[in-house]
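With mature numbering (1 follows the signal peptide of the UniProt record, and there is no 0) applied, the sequence shown corresponds to residues -22 to -1, 1 to 362, in that order.
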Amino acid sequence: MTVFPPRAAVLTGVLTTAAALALSACDAASDPSDADGGKSAATATTAEAFGGIGALADAAKKEGTLHAIALPRDWANYGALIDGFKKKYGIKVEVENPKGASQDEISAVKSRQGKDNAPDVLDLGSSFAQSAAQDGLLAAYDVTGFADIPDVQRDSIGRWANDYGGYISFGCNAKRVRTCPTSFKDLLQPQYKGKVALNGDPTKSGSAFAAVYAAALANGGSFDDIQPGIDFFAKLRRSGNFTRVPSTPATVAKGETPISIDWDYLNAGYTDEFKSKGLDWTVAVPSDGKFAQYYSQAINKDAPHPAAARLWQEYLYSPEGQNLRLKGYARPALMTAMKKAGTLDKTAAAKLPKVSGTPSFPTETQQSNAKLALTQSWGKAVSG
């Protein structure tokens, strides 16, 4: 999860103090489910294989804690999801570094392997999820309903699966910007000098990475060629329109980032948030660069709380969890299946930002290549 909260893509418990980090010297807690009929949550690939959701919930309660990282409460309705999980199962949720990015999550997994303060679960931009799977960091686990997630949005052996997503959009403070942009081409106009921001560094943040991809599509690029997007932001920087101040609710409220390129579910959420503050925040999906993407859920292969990690996944992909995503303006991965089953919140679905056409998604190879191109070129392109 994407660095404003770049994640995104959001909590109650934040484990960032020096005292908490000192726990890293401790060994990871043993799997309390080992003694439960000889079944280990750490190796369970489905809830059924462990004895069902009830057995998984009992084991998770024994563990007592779920440790996460980089989940801001105002990102894709994570606040409601965390509160709902805690209320339903009575399990404490600790969230470290809520404003972190996808790369921060992966770095924490690698640096704390085998330690009890390692993240149990991960919310990652899809390209980051794929690279983490390739690096052998993720556990294989199929949530209930896994088969209903479109094939192109899940790993074949369950190391990651898309959960929620949206479109790259422009959020605009209509009281500070005379005419809000509706296309990437518009962003080059002199009236937007110093006003255009991303929510983080695209080499670390999934949402900023997607913004560069969208700019590429708007400027003759493709899923195979992200360079036109990098070139666009270099041009935007030279014009003085691009600011490297990361866009956050705080910078928007202060007027520092009056135009924010971000996911539509975040910008739509800001519309509600800022209305009470007298700020008119409008949202538009750019007409020349429609790019949709999802954030993926995954379990740390060496999760200190393996049962709680799997139970959390089950909750996120349940109708309750997916509808909470929808109430946060995010498009749930199981939306089509829930619509067929009659479990979709139709009122929340009707409030989503309108977009025409059917989205397509870059392949794993295309995203990996694009990520490499960004890593090699981004800093030089926007420096100065």
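Idealized CB from N, CA, C, for every residue including glycine.
Around the beta carbon of Ile135, a 10 Å sphere encloses fewer than 16 other beta carbons of the protein chains shown; the residue is thus reported as exposed.
When DSSP states are grouped into helix, strand and coil, Glu83 belongs to the helix group. At least 7 Å separates the beta-carbon of Leu100 from that of Val71. Taking 7 Å as the cut-off, the beta carbon of Tyr243 is found closer than this to the beta carbon of Tyr307. When DSSP states are grouped into helix, strand and coil, Arg215 belongs to the helix group. The criterion of a C-beta distance shorter than 7 Å is satisfied by Gly233 and Arg154.
Across the set Asp133, Glu342, Gly178, the C-alpha of Gly178 shows the shortest separation from the C-alpha of Lys77. By the neighbour-count definition (other C-beta atoms within 10 Å, threshold 16), Thr235 is a buried residue.
In the three-state scheme derived from DSSP, where H, G and I count as helix and E and B as strand, Asn151 is classed as strand. Phe220 and Phe187 have their C-alpha atoms spaced approximately 15 Å apart.
In summary, Gly149 is buried, with 16 or more beta-carbon neighbours lying within 10 Å of its beta-carbon over all protein chains present. By the neighbour-count definition (other C-beta atoms within 10 Å, threshold 16), Ser105 is a buried residue. If you look at Leu44, you'll find it in the beta strand (DSSP E) that goes 43 to 47. Only buried fits Glu41, as 16 or more other CB atoms lie within 10 angstroms of its CB. Rounded to the nearest angstrom, the Cβ distance from Gly184 to Ser80 is 5 Å, consistent with a contact under 8 Å. In the assembly as shown, Lys332 is an exposed residue. Its beta-carbon has fewer than 16 other beta-carbons within 10 Å.
Closest in C-alpha terms to Ala311, from the list Asp126, Arg156, Thr336, Ser161, comes Asp126.
Rounded to the nearest angstrom, the gap between the Cα atoms of Val261 and Ser147 is 7 Å. Counting only the Cα atoms, Gln354 lies some 12 Å from Pro180. Excluding five sequence positions before and after Ala111, the CB atoms of its chain that fall closer than 8 Å to its own CB belong to Asp133, Arg137, Trp138, Ala276, given in chain order. Of all alpha-carbon atoms in Glu298, Trp53, Ile208, Ile237, the one lying nearest the alpha-carbon of Ala351 is that of Ile208. Listed as beta-bridge partners of Thr260 by DSSP are Cys150. Boundaries of the alpha helix (DSSP H) harbouring Glu292: 284 to 294, taken from the DSSP string.
With fewer than 16 neighbouring CB atoms inside 10 Å of its own CB, Gln169 falls in the exposed class.
Residue burial is scored here from C-beta neighbours: Gly218 has fewer than 16 other C-beta atoms within 10 angstroms and is therefore classed as exposed.
For Gln344, the closest C-alpha among the options Arg216, Asp202, Asp52, Thr226 is that of Asp202.
Nearest C-alpha to Leu214 among Lys171, Ser254, Gly199: Lys171. Straight through space, the alpha carbons of Phe28 and Glu298 are spaced by roughly 22 Å. Residue Asn301 holds the alpha-carbon nearest to the alpha-carbon of Met316 among Thr325, Leu330, Asn301.
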